[in-house]
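In the working numbering, the protein residues as written are 55 to 169. Where a beta carbon is used, it is the ideal one built from N, C-alpha and C, also for glycine. Given the structure is predicted, the values throughout are model-derived calculations rather than measurements.
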């Protein structure tokens with residue numbers, strides 16, 4: 055007698071990978087990760103996070119306090135991982151003018167760019 059085995063369909067995975075570089079600015083603080091205006095996770099200094107996406111068309115940004123990046127519209131294909139680097143524009147001598155970024159240029163305080 056033959057037996058039948060039911061196979062589960064292969065799921066098409068779409069995901070993002072965010073690597074936060076090690077920096078002095080915000081070293082001890084976590085930064086929130088938002089996808090389609092919903093907080094999905096946080097990321098710490100030097101950490102890498104992988105997050106699965108529900109659809110191919112998403113909008114992503116990161117936020118700490120009232121400073122956030124401009125939203126990035128991303129389109130991912132099946133079985134694709136979109137990779138990003140996260141950091142602060144406050145490095146070197148710019149640490150001295152941090153208050154300027156926080157008050158007048160909060161959308162430039164952090165950066166999120168595709169690798």
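(message) By the DSSP assignment, the beta strand (DSSP E) with residue 165 in it spans what residues?
(response) Within the chain shown, the letter at position 111 stands for residue 165. Residues 164–168.
(request) Following the continuous beta strand (DSSP E) through residue 72, name the residue where it begins and the one where it ends. (result) Locating residue 72 in the chain shown gives position 18, where the first residue counts as 1. Where residue 72 is concerned, the enclosing beta strand (DSSP E) starts and stops at 68–74.
(request) Using three-state DSSP, classify residue 155 as helix, strand or coil. (result) Mapped onto the chain shown, residue 155 falls at position 101. In this structure, residue 155 counts as helix in the three-state DSSP scheme.
(request) Report back the beta-carbon spacing between residue 97 and residue 140 to the nearest angstrom; my notes put them in contact at under 8 Å. (result) Your numbering for residue 97 matches position 43 in the chain shown. Your numbering for residue 140 matches position 86 in the chain shown. Yes, residue 97 and residue 140 are in contact; Cβ-Cβ is about 7 Å, under 8 Å.
(request) Return the first residue and the last residue of the beta strand (DSSP E) that residue 94 is part of. (result) Locating residue 94 in the chain shown gives position 40, where the first residue counts as 1. The continuous beta strand (DSSP E) containing residue 94 extends over residues 92–97.
(message) Can you tell me whether residue 123 is buried or exposed? The criterion is at least 16 other CB atoms within 10 Å of its CB, across all chains shown.
(response) Taking the chain shown and counting its residues from 1, the one referred to as residue 123 is at position 69. The Cβ neighbour count for residue 123, taken over all protein chains shown within 10 Å, is at least 16; the residue is labelled buried.
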